[in-house]
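Asker: Just passing along the structure, written as structure tokens.
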Amino acid sequence: MERNVDAVVLAAGTSSRMGALKPLLSLDQTPMLQHVIEQLLSMPFRKIIVVLGYEKDVIRDEVSVASDRVVWVENSRYDLGQSTSFLAGFHHIRHETAGAMFFLGDQPLIQRETVEAIERHGRLLKRKERDMFAVRPEYDSIPGHPVYWGHCRPISPETFEKAGDRGGIALMRTMNVHHVPVDDPFTVFDVDTPEDYAALQRLWYGSGEPENDIG
């Protein structure tokens, strides 16, 4: 991987369907968001930009990462949808970087090989594409995360004014998007409900005993 690629983690939502703070759901007695950040710290990203909103202070108190590569960003408009978190993260990317990869804070099982494959594909496309473009993994014909953005440029808030909870999809409609088939089901598995969390625990622990962090 190139060392001037930024990672952005979106973790600002209200967790309304979960009934508990998703970033703090426990895996091995460690918050889920911390697992995501630590995995990214093990890779040569220039910065890991973490976008928080709902209960940001509580999350900061519980997520323990000691690295000057981690940048905490507040999205005060988180209640207006994921597009505002995307925009908040995008504004903190240094636009002279080679690119940026956007992750979701509730996908701790994405394989390192998938991240490296998407970044490598984006790096190769930079030589061919002249304008901003995106690269998405696709599992079983379903697009997922992380998404690589190449030739990053500043984005105006108006671009996302009507996007609501659609995140970067509004931006993708204006550019070339390349889909890369991957053998990684966790690119399309995120944790929105207690049932999802139970499934995540089964996958994480295998035959071990799952934790019960949801009242």
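215 is the number that the UniProt record's numbering gives the last residue of the sequence shown; the numbers go up by one with no jumps. Every residue, glycine too, gets a C-beta built ideally from N, C-alpha and C.
Would you kindly work out how many angstroms separate the C-alpha atoms of P181 and S141, rounded to a whole number?
Answerer: The alpha-carbon atoms of P181 and S141 are separated by roughly 8 Å.
Asker: Pick helix, strand or coil for S42, following the three-state DSSP scheme.
Answerer: S42 falls in the coil class under three-state DSSP.
Asker: Could you name the residues of the same chain whose beta carbon sits closer than 7 Å to that of P61, not counting the 5 residues immediately before and after it, in chain order?
Answerer: The question names Pro, but residue 61 in the sequence shown is Asp. Cβ within range, chain order: n/a, list empty.
Asker: Quick one: give me the first and last residue of the alpha helix (DSSP H) that Y197 is part of.
Answerer: Start and end: 194-205.
Asker: In terms of alpha-carbon separation, which member of A12, A11, R17, V5 lies closest to D192?
Answerer: Checking every option, the nearest Cα to that of D192 belongs to R17.
Asker: Contact check, residue 216 vs R130 under 8 Å by CB: the rounded distance?
Answerer: Here the chain covers residues 1 to 215 and nothing more, so residue 216 does not appear.
Asker: Here's the rule I'm using: 16 or more other beta-carbon atoms within 10 Å means buried, otherwise exposed. How should R136 be labelled?
Answerer: R136 is buried by the Cβ-count criterion.
Asker: When DSSP labels each residue in this structure, what does I48 get in the three-state scheme?
Answerer: Here I48 sits in strand by DSSP.
Asker: In chain order, what residues of the same chain lie with their CB nearer than 8 Å to the CB of V71, ignoring the 5 residues before and after it?
Answerer: Closer than 8 Å at the Cβ level, and outside the excluded window around V71, lie K47, I48, I49, V50, H92.
Asker: Got a sec, what are the start and stop residues for the alpha helix (DSSP H) G99 sits in?
Answerer: Here G99 belongs to no alpha helix (DSSP H); instead the beta strand (DSSP E) covers 99-104.
Asker: Quick one: measure Cβ to Cβ for F10 and Q82, integer angstroms, because I've assumed they're closer than 8 Å.
Answerer: Contrary to the premise, residue 10 reads as Leu rather than Phe in this sequence. Right, their Cβ atoms sit about 6 Å apart.
Asker: Give me the DSSP bridge partner(s) of D6.
Answerer: In the DSSP output, where bridge partners are listed per residue, D6 has A100.
Asker: Rounding to the nearest angstrom, what Cα-Cα distance links V5 and I37 in this structure?
Answerer: So the alpha carbons of these two residues sit roughly 15 Å apart.
Asker: So, is S42 buried or exposed, given that buried needs 16 or more other C-beta atoms within 10 angstroms?
Answerer: Its Cβ having fewer than 16 others within 10 Å, S42 is exposed.
Asker: Ends of the alpha helix (DSSP H) at V115?
Answerer: Run containing V115: 112-125, per the alpha helix (DSSP H) assignment.
Asker: Quick check on Y78: buried or exposed, where buried means 16 or more other Cβ atoms within 10 Å of its Cβ?
Answerer: By the neighbour-count rule (16 or more Cβ atoms within 10 Å), Y78 is buried.
Asker: How would you label D183, buried or exposed, when you count the other beta carbons within 10 angstroms and need 16 or more for buried?
Answerer: So D183 counts as exposed.
Asker: Can you name the start and end residues of the alpha helix (DSSP H) that E62 belongs to?
Answerer: Here the alpha helix (DSSP H) through E62 covers 56-62.
Asker: Here's the rule I'm using: 16 or more other beta-carbon atoms within 10 Å means buried, otherwise exposed. How should Q34 be labelled?
Answerer: By the 10 Å Cβ count, Q34 comes out buried.
Asker: Does the beta-carbon distance from M1 to E195 come in below 7 Å?
Answerer: No, these two residues do not count as a Cβ contact at 7 Å.
Asker: Buried or exposed: which applies to S85, given that a residue is buried once 16 or more other Cβ atoms fall within 10 Å of its Cβ?
Answerer: Label assigned to S85: buried.
Asker: Quick one: what's S15 bridged to in DSSP?
Answerer: None, per the DSSP bridge assignment.
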